[in-house]
Every structure is written in structure tokens, then in C-alpha cells.
Amino acid sequence: MEPLELSSVMAQNRDLLKRVEKRSGVDIKDCYQCGKCSAGCPMAFAMDYVPRQIIRLLQLGLVDEALRSRTIWICAHCQACYTRCPREVDLPRLMEALRQEAVRAGLVTDKKVYLFDRAFLGSVERYGRVHEMGLIMQFNLQSGQPFKDVGLGPTLFLNGKISPFPSRIKDNGAVKAIFERVRSRGGAEH
Amino acid sequence: MKYAYYPGCSLHATAVEYNVSAKIVAKHLGVELWEIPEWNCCGASAAHNTDHLLALALPARNLAIAEREGLDVAVPCAACFNRLKAAQMAVRGSEEMRNTIKEIIGMDYQGQGEVRAFLDVMVNGVGLEKIQSLVTRPLTGLKVAAYYGCLLVRPPELTGLDDPEDPQIMDRLVEALGGTPVSWAFKTECCSASLATSRTDIGLLPIFRILKHAKASGADCIVVACPLCFLNLDMRQGEINRRFQENFNFPIFYFTELMGIALGYPPKELGLPKHFVNPLPLLEAKEILRHPATRRETA
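Order-wise, the sequence lines are chains A and B. If you're matching positions, the first sequence starts at 1200 in this note's numbering and goes up one per residue. If you're matching positions, the second sequence starts at 3 in this note's numbering and goes up one per residue.
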């Protein structure tokens, strides 16, 4: 990383940081960097910054670096860090807020996780429920791995666990309306 | 005892055996389940990754329907349970949020009644004594690693179910069914959840570790209370064997399946043949299915 003059970096990113804090309900200053979150994180092995370091980046005002990290997409939301944090920092919600900012800033570093979530919600919006077979097919095609998990398909199909047909609920458009109302409030950008 | 039942998407698809066995044991134990009509998906992690309000509104619509009936809600899926609880807590905690949710779902939802994990309904609602008294085919000699995963017990102020690091509720259930719970360290380690599907390259390692530690603890099988934990642990074993040069053939059960077996139901009726890893040889080796008290199969 290039040498940085931190006070100007902080000044540049203050508004963005405030927005992340507001969205997540996390006060970045609460973290005293004990590292308990990261010691117990089941996905830390695959992260470029461990969770503690993501907070450290934010504390230093390096918000862009946090938004570009793979970490925010690899968090599995298992809640182990939040449960163990002595300062009750809601790291999973912070990761969510950072993902949402990363999408807004066009900085999605893990297209697969992003595409999976989009395909998932697309299915919910269309049918009211997730159509698992449709979700996986859409995800595989969009993520450029059309044959992923195909070997599992026949067993799932023969056991009645996946169906080519979605189950569509009769809700008179109630679920679609939920998505629309959330969108009209500036949310659910996907 | 009557509950509104929220199966969630998985129980109508990859977790059909969870749905079938939950309904069977509920009926057997006198718990009436009223499936929420035209329930919608809770949004799972895809929704809360995308928008906080969407993640509360999707579950709230289901809860509002249950509230009209004045019923507590029983939820078998750990992830749905967590999301439904989160929606309820948000509405209970803030008048402003209650009004916002009302506007978004077009229904009033006050946060009344309780959202309960199906496991909690069985163990604390029906009670272990009653369950034990109805066991006709005890799981004698079956060593079981109770795997709780994440969202059933964490965060504890939300789920309110059990100790978040060393939960016991499913271990006690196994005991009541005549089985032997093993002590092990990976009870609440994450299985990587949907990353096993979206990022299989990294999602397999957490699953492998859970299987390895369950086996090392001397367990014959793992019992779970979550459809995604089940899918990851059961369906991905072939891939894990190839990736990590292992030869797991480790049966995974839903707790409702073990209950159904102990209560005397035929494995087929409970959906056991639908697993990727066939659990029947284990049950046969332990002579659980041939127990003289077997009721339905000898009748």
C-alpha cells in the first residue's frame, strides 16, 4: 500500500463512514481491536482482511479499501463474532452495510456471492418463495459455471427435492408490493 | 397445543424429509400445526445482505397472518427462525419500525405471540418426559453428535434458546430418545451456509472440519435442526471426500427423524431413504429398527 496521509483520508471519507455507521448501527470507535472476532471466524481463512482489520481500516478512514475487500462478501453471517465481542460490535450488520455501499459504488469484488443473492431475491420477488432449481440454474449460468453441481441434480430430482416448476403463492401480489415499497424508499437495490 | 407452522422454502424442496418427519412427530405428540396459508419466503441472508427493511418486511407478512389467528409460530428451519425472530424483535422494539413495516406489508403486525424453533416446541413445549414416555424403539447404542450450527443459538439475545457456545437442548433430546450424545467442540461452528453453494471452493472446508471432528469424537452420526446444515453435511460428502481425500459415509439426521424412529415410525415414512448418505445401514447395525418393541412394523 502507498504511504497515506491519514487525516486527509479521514476527512474525505467522513460522510461515507457516517452512512455505514448509520446503516449498520455500529459505532466504529467501539472496537478496541482485541481480535476475538477474527480468532473464532469460521471463514477468516479465506479473507484478505480478517474482520478485526476491516474495522481497523474504517477507524483509519480507509473506507474504499474495506469496500474493495473480499472479506465483506465472504462473511457467512454466522454471528459468532457478534456473540463473542466484548464491545457488542454487530460485525455481521457492518458487513451487510459495507456490501450495500460496495454495490452502490460499483465495487463488487465477489461476483458469485452477489449474483447468488440477486438470483435468490429475484426468485422470491417472482414467486413469493425460492424456487431452488431455478435459482441454481440462473446462478450457474450467470456466474459462468453451467455444469456446477449437475452431478447432484439427478439424486435431488428423483427424491422429489427439486422440481422444474416453481411453487407460486396466491398472495395477490403482496410480496411483489413489499419489494416495490422497499425500493421506493431507496432500498433493495439489486 | 396448536401452532401456526412456517415451513419455509427448503422444507418444501431439499428438506422434504424434515417437513414430513416434523409433521408426523407433531401429530404423534398432540401438537396441531396450522400451516400459514400462502406463506412467503423469509428472504434469508440474501435479503439482509441487500436491504435491512426488506429483511424485516418479508418475514413480518407471515407473522402478521399468524397473529390474526392468535397463534404462536413454530419454525423448523434455523435460518427462518432467526429471521422471523429478528422481524418480531424489531417491531416490538420500536413504534416507528412497527408503522414502517405496516406500511410496507400493508397489514398490521404488533409483534404478539411467540416465534419458536420447532426444536424448542418439542423439547420445552411438549417436554422430554412425555417424549421419553412414548419411545417404543429407543436409540440404544447410537452415539450422536448434536450439531446446532449458528442461527438457532446466535445471537443469544435474539434466539433466547440455549447457551450459544455449548448448547444442550438437542443433546438432552437424544438422551430422552435413548441415544448417547457425544461431547465435541464443533457444535456451533458454522457450516459456511450458502457459501457452500455460491463459493464452493472455500465453502467445503468448514463442512469438512465439522464432519472430521464429529467422527473423531466417536459419534456414529450427526443430528441437525437446520435444512441448510443438513444439505451441506449430507449432500456435499462426495465432493468433500474427493477434495480432502477422505472416505466419509457419515449419516446425518434431522432431530425429527430420530424422534420418528424412536416413536416407532418406519424409516420410509419419515423420508430417510431420501438422504444422500443412506442412514439405514447404521440403524440396522445398531439393531434399532429390529427392537422388539417396534410397533407399527410388526403390527
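Beta carbons are placed, not taken as given, at the ideal position from N, Cα and C, and that holds for glycine.
Chain B contact for residue i (CB, 7 Å cutoff)
i, result
"A:PHE1356", "no"
"A:LYS1221", "no"
"A:HIS1389", "A caution first: A:HIS1389 carries a pLDDT of 46, below 50, which makes its placement in the model unreliable, though a value can still be read off. Taking Cβ atoms only, chain B reaches closer than 7 Å to A:HIS1389, which makes this a yes."
"A:ARG1269", "no"
"A:ARG1328", "yes"
"A:VAL1288", "no"
"A:ASP1316", "yes"
"A:LEU1215", "no"
"A:VAL1262", "no"
"A:PHE1319", "yes"
"A:LYS1235", "no"
"A:GLY1224", "no"
"A:LYS1310", "no"
"A:VAL1249", "no"
Proximity test, residue i beta-carbon vs the ligand SAM heavy atom, cut-off 6 Å
i, result
"B:GLY95", "Only the bare structure without any ligand can be found here, which leaves the ligand SAM out of the picture."
Separation of residue j from residue i, as counted between CA atoms
i, j, result
"B:LYS104", "A:ARG1380", "11 Å"
"B:ASP165", "B:ARG238", "28 Å"
"B:SER194", "A:MET1209", "34 Å"
"B:GLN112", "B:ARG244", "51 Å"
"B:LEU284", "B:LEU213", "16 Å"
"A:LEU1306", "A:LEU1266", "7 Å"
"B:GLU241", "B:PHE232", "15 Å"
"A:VAL1329", "A:LYS1375", "13 Å"
"B:ARG100", "A:ARG1255", "35 Å"
"A:ILE1377", "A:CYS1280", "31 Å"
"A:CYS1277", "B:GLY115", "26 Å"
"A:GLU1264", "A:PHE1315", "23 Å"
"A:CYS1230", "A:VAL1288", "7 Å"
"B:ARG63", "A:ARG1286", "33 Å"
"B:PRO1", "B:TYR20", "The requested residue 1 of chain B is not part of the displayed model; chain B covers only 3 to 301."
"B:LEU65", "B:VAL27", "24 Å"
"B:SER196", "A:ALA1275", "8 Å"
"A:GLU1300", "A:LEU1320", "18 Å"
"B:ILE252", "B:ALA15", "As written in the sequence, residue 252 of chain B is Phe, which differs from the Ile given in the question. Those two C-alpha atoms are separated by around 22 Å."
"A:PHE1356", "A:ASP1348", "13 Å"
"A:ASP1309", "B:ARG201", "9 Å"
Chain-ordered chain B contacts of residue i [CB-CB under 7 Å]
i, result
"A:GLU1204", "Ordered by position in chain B, no residue passes the 7 Å Cβ test against A:GLU1204, which lies about 34 Å from the chain."
"A:LEU1351", "MET237"
"A:THR1275", "Note that residue 1275 of chain A is Ala in the sequence shown here, rather than Thr. Residues of chain B passing the Cβ test: CYS192, SER194, ALA195, LEU197."
"A:ALA1195", "Residue 1195 of chain A falls outside the range modelled here, since chain A spans only 1200 to 1389, and no answer is possible."
"A:VAL1208", "The premise fails here: A:VAL1208 is roughly 27 Å from chain B at the closest Cβ pair, so nothing lies under 7 Å."
Beta-carbon neighbours of residue i, restricted to chain A and to distances below 8 Å
i, result
"B:ILE38", "Within 8 Å Cβ-Cβ: nothing; B:ILE38 doesn't reach chain A, min ~11 Å."
"B:LYS276", "ASN1358, GLY1359, LYS1360"
"B:PRO166", "THR1282"
"B:ALA68", "Correct list: empty, because the minimum Cβ distance to chain A is about 15 Å."
"B:SER23", "Within chain A, no residue comes near B:SER23; the closest Cβ sits about 14 Å away, beyond 8 Å."
Chain-ordered neighbours of residue i on chain A, where CB pairs are closer than 9 Å
i, result
"B:VAL18", "ASN1358, GLY1359, LYS1360"
"B:MET99", "In chain order: nothing, as chain A lies at least about 12 Å away."
"B:ILE107", "ALA1373, ALA1376, ILE1377, ARG1380"
"B:LEU272", "None at all; the shortest Cβ gap to chain A is about 13 Å."
"B:ARG85", "None at all; the shortest Cβ gap to chain A is about 11 Å."
"B:CYS82", "Ordered by position in chain A, no residue passes the 9 Å Cβ test against B:CYS82, which lies about 11 Å from the chain."
Min CB distance residue i to chain A below 7 Å
i, result
"B:PRO269", "no"
"B:ALA15", "yes"
"B:ARG201", "yes"
"B:ALA221", "no"
"B:ALA59", "yes"
"B:ASP53", "yes"
"B:LEU179", "no"
"B:ASN42", "yes"
"B:LEU144", "no"
Chain B residues whose Cβ lies nearer than 8 Å to that of residue i
i, result
"A:GLN1278", "CYS152, LEU153, ARG156, PRO157"
"A:SER1366", "HIS14"
"A:MET1242", "CYS192, SER194, LEU197, ILE204, PRO208"
"A:GLU1300", "Within 8 Å Cβ-Cβ: nothing; A:GLU1300 doesn't reach chain B, min ~12 Å."
Local Cβ density within 10 Å of residue i, reported as buried at 16 or more and exposed below that
i, result
"A:LEU1203", "exposed"
"B:ASP110", "exposed"
"B:LEU144", "buried"
"B:ARG70", "exposed"
"B:GLU271", "exposed"
"A:PRO1241", "buried"
Neighbour list for residue i in chain D, Cβ cutoff strictly below 7 Å
i, result
"A:TYR1281", "In the structure shown, chain D cannot be found, because the protein chains are A and B."
Where residue i meets chain A, residues with beta-carbon distance less than 7 Å
i, result
"B:HIS50", "GLU1295"
"B:PHE47", "Reading off the sequence, residue 47 of chain B comes out as Ser, not Phe. Neighbours of B:SER47 on chain A, chain order: HIS1276."
Supposed contact pair residue j and residue i - C-beta distance, whole angstroms, cut 8 Å
i, j, result
"B:SER219", "B:SER185", "7 Å"
"A:ARG1367", "A:TYR1326", "5 Å"
"B:ALA198", "B:GLY205", "4 Å"
"B:LEU130", "B:ALA178", "4 Å"
"B:LEU13", "B:TRP36", "The Cβ separation is near 15 Å, so there is no contact."
"B:GLU260", "B:VAL225", "Before going further, note that residue 260 of chain B is Leu rather than Glu in the sequence given. Right, the Cβ-Cβ distance comes to about 6 Å (below 8 Å), so this counts as a contact."
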